[in-house]
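Residue numbers (the UniProt record's numbering): 1 to 227.
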């Protein structure tokens, strides 16, 4: 079963510290909600966890997971889906074609394209160009991308943006299903997301002097806020 470990992980952009060093462990079936005001570093931290930005210090490691080539995974990027602010769907191609591309690119180990679309209540939209979808439909199509290839870690940046209440509830249910199978869900959000027993990491913007503020793991799996 998969475990993620952050050891002194510091995140930033352009060499500038945004998120001070963090130490935490996320075990099978766990969820982490990353909260904080705009500019506190939520997106920077998630992109660092996903391997899209290099850490300024420390490391994040993965244990107990197998990469697509059958070898033990060494990087989170090998076992994670990352869903950012953009939906990563080409406007001129059909929704089904785009999901088919991601299924081939990431490994066809999850649901079929039509099954994934049905799971997010987009069963009738598969043949539509991605560019004609509404904001909410586009976000649901991006959610379907998480389902067409099996990866145990979901890293989600404002995943419910543009979703109505029904779609938000459906996505939260999919996240809980991910947890029930031993997966890990990490989400940055301004909106409530009904995950199973989530831990919370609240980030605060760094002061000009460079003194950072963040939540820290407390013994026994709880969280204390250090200000």
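Where a beta carbon is used, it is the ideal one built from N, C-alpha and C, also for glycine. As the structure is a prediction and not an experimental result, all values here were calculated from the model.
Query: Going residue by residue through the stretch 61-137, where are the continuous alpha helix (DSSP H) segments of at least 4 residues, counting only ones entirely within it?; Result: 95-106, 113-119
Query: Report yes or no: do three or more beta-carbon pairs, one from the stretch 17-33 and one from the stretch 177-187, lie closer than 8 Å?; Result: yes
Query: How many angstroms separate the CA atom of residue 105 from the CA atom of residue 142?; Result: 15 Å
Query: Residues in its own chain within less than 7 Å of residue 148 by CB, not counting five upstream and five downstream?; Result: 99, 102, 103, 110, 111, 113, 116
Query: Three or more beta-carbon pairs under 8 Å between the stretch 156-171 and the stretch 181-197, yes or no?; Result: yes
Query: By DSSP, does residue 5 sit in helix, in strand, or in coil?; Result: strand
Query: Excluding the 5 residues preceding and the 5 following residue 175 in the sequence, name in chain order all residues of the same chain whose CB lies nearer than 6 Å to its CB.; Result: 185, 195
Query: What residues are listed by DSSP as bridge partners for residue 165?; Result: Answer by DSSP bridge pairing: none, since residue 165 is not bridged.
Query: Does the stretch 65-77 come into contact with the stretch 128-147, if we say contact requires no fewer than three beta-carbon pairs (one atom in each stretch) closer than 8 Å?; Result: no
Query: On a Cα-Cα basis, can you pick out the residue from 80, 193, 168 that is closest to residue 240?; Result: No statement about residue 240 is possible, as the shown extent of the chain runs from 1 to 227 and does not include it.
Query: If I measure Cβ to Cβ from residue 82 and keep anything under 6 Å in the same chain, skipping five residues before and after, which residues do I get?; Result: 50, 155
Query: Do the stretch 54-63 and the stretch 5-12 meet, that is, are 3 or more Cβ pairs less than 8 Å apart?; Result: yes
Query: Return the CA-CA distance between residue 96 and residue 145, expressed in angstroms with no decimal places.; Result: 10 Å
Query: Just how far apart, CA to CA, sit residue 54 and residue 163?; Result: 31 Å
Query: Within 10 angstroms of its Cβ, does residue 20 collect 16 or more other Cβ (buried), or is it exposed?; Result: buried
Query: Suppose only complete runs of 4+ residues qualify. What are the alpha helix (DSSP H) ranges in the stretch 141-199, listed by chain order?; Result: 165-180
Query: Taking C-beta to C-beta, are residue 93 and residue 130 nearer than 8 Å?; Result: yes
Query: Which whole-angstrom value is the C-beta distance of residue 5 and residue 25, which I expect to be below 8 Å?; Result: 5 Å
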